[in-house]
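In this note's numbering, the protein residues as written are 1 to 295.
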């Protein structure tokens, strides 16, 4: 038999943090509720208290300050997808959020929710990792900034403390001329979660020479994967077919892929080879196009 479930609505972030302290493991934070509702329905979690932060002021704001894009934790995927500031500053981020599920889900799911849940098969975490995003959280001891590379710890596990709440995500606006893309490969339907998701970016530094190469792979393992040493091998090269293939093979060999209904571990490994190579080619072409526009 299900037990009584208290639904609490704090009016400030600090009040929400205090409620998490008070109720401990019995409390769960709820915002867009796209994931939490499923977990409750399937009895994967059984909290006695839900702390609703959906009405907290100031957490839906989006803006650029000092070359840094800030996304409020309560900004929805649909808002990020369509926001002119996001599209002007980091278009690949808007494109990534636009590829999540369907419009109904994107109208409810939030930026803070998608990072706090740390679902391995979500689209935005791979892009956020590739963009060196920072997750800002508020807890009993005040504000804490957690780099994306340290935030996603394991399967549905993050570096957030139980009494911390995500308040915003910060992303440094890439240098002018950066070409970036997020490629999503699905095996079942256009609205499905990814079997593989690949973020890639680079910047043209001269004729047939590309720098600041980045690659992040999501949905293949428990957490999004990125290998700076392999990125460094691709930087200051022509990003030709041989380079792209070598980097793709390196990612495929290092990632400990998983099995689920979207594909076996073996299949995912092979798709990493394919989609890392394709994403790098798309990023290279975009960077070259931007460079020619400037010229």
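Note that the Cβ used here is the ideal one computed from N, Cα and C, for glycine as well. From a predicted model like this one, the values you see are computed outputs, not experimental measurements.
In this chain, the beta strand (DSSP E) harbouring residue 212 covers 209–218. Membership of residue 68 in the beta strand (DSSP E) is indicated by the continuous run 68–72.
Between residue 215 and residue 276, the C-beta spacing is below 7 Å. Note that the C-beta distance between residue 47 and residue 22 is not below 7 Å. For residue 79, the enclosing alpha helix (DSSP H) has its first and last residue at 77–82. Here residue 44 is exposed. Its C-beta has fewer than 16 other C-beta atoms within 10 Å. In the structure shown, residue 249 falls within a helical segment according to DSSP collapsed to helix, strand and coil. Distance from the CA of residue 116 to the CA of residue 147, rounded to the nearest whole angstrom, comes to 13 Å. Your pair residue 217 and residue 247 does not check out as a contact, with CB atoms roughly 11 Å apart and the cut at 8 Å.
Annotation for residue 54: 31 place their beta carbon closer than 6 Å to its own, counting only its chain and skipping 5 residues before and after.
Less than 7 Å separates the beta-carbon of residue 167 from that of residue 138. In summary, residue 194 is buried, with 16 or more beta-carbon neighbours lying within 10 Å of its beta-carbon over all protein chains present. For residue 113 and residue 270, the gap between their C-alpha atoms comes out near 30 Å. Taking the C-beta atoms as reference points, residue 134 is found nearer than 7 Å to residue 145. In terms of CA proximity to residue 107, 80 leads the group 221, 88 and 80. Residue 109 sits away from residue 191, with the two beta carbons spaced by 7 Å or more. For a cut-off of 8 Å, the C-beta gap from residue 286 to residue 180 is around 7 Å, short enough to register as a contact. Unbroken alpha helix (DSSP H) stretches of 4 residues or longer found wholly inside the segment 97–145: 103–106, 111–117 and 124–130, given in chain order. In the three-state reduction of the DSSP assignment, residue 174 falls in the coil class, being assigned neither a helical nor a strand state. The alpha-carbon of residue 253 is positioned some 30 Å away from that of residue 98. Shown here for residue 263: same chain residues with a beta carbon closer than 6 Å to its own, the five before and five after excluded, namely 187 and 195 in chain order. Counting along the chain, the unbroken alpha helix (DSSP H) around residue 41 starts and ends at 36–41. Annotated as proximal: residue 86 and residue 94, with beta-carbon spacing under 7 Å.
In the structure shown, the three-state DSSP call for residue 269 is helix.
A straight-line Cα-Cα distance of about 17 Å links residue 89 and residue 111. With distances taken between CA atoms, residue 229 lies nearest to 213 out of 256, 150 and 213.
Where residue 198 is concerned, the enclosing beta strand (DSSP E) starts and stops at 196–206. Rounded to the nearest angstrom, the gap between the Cα atoms of residue 69 and residue 169 is 8 Å.
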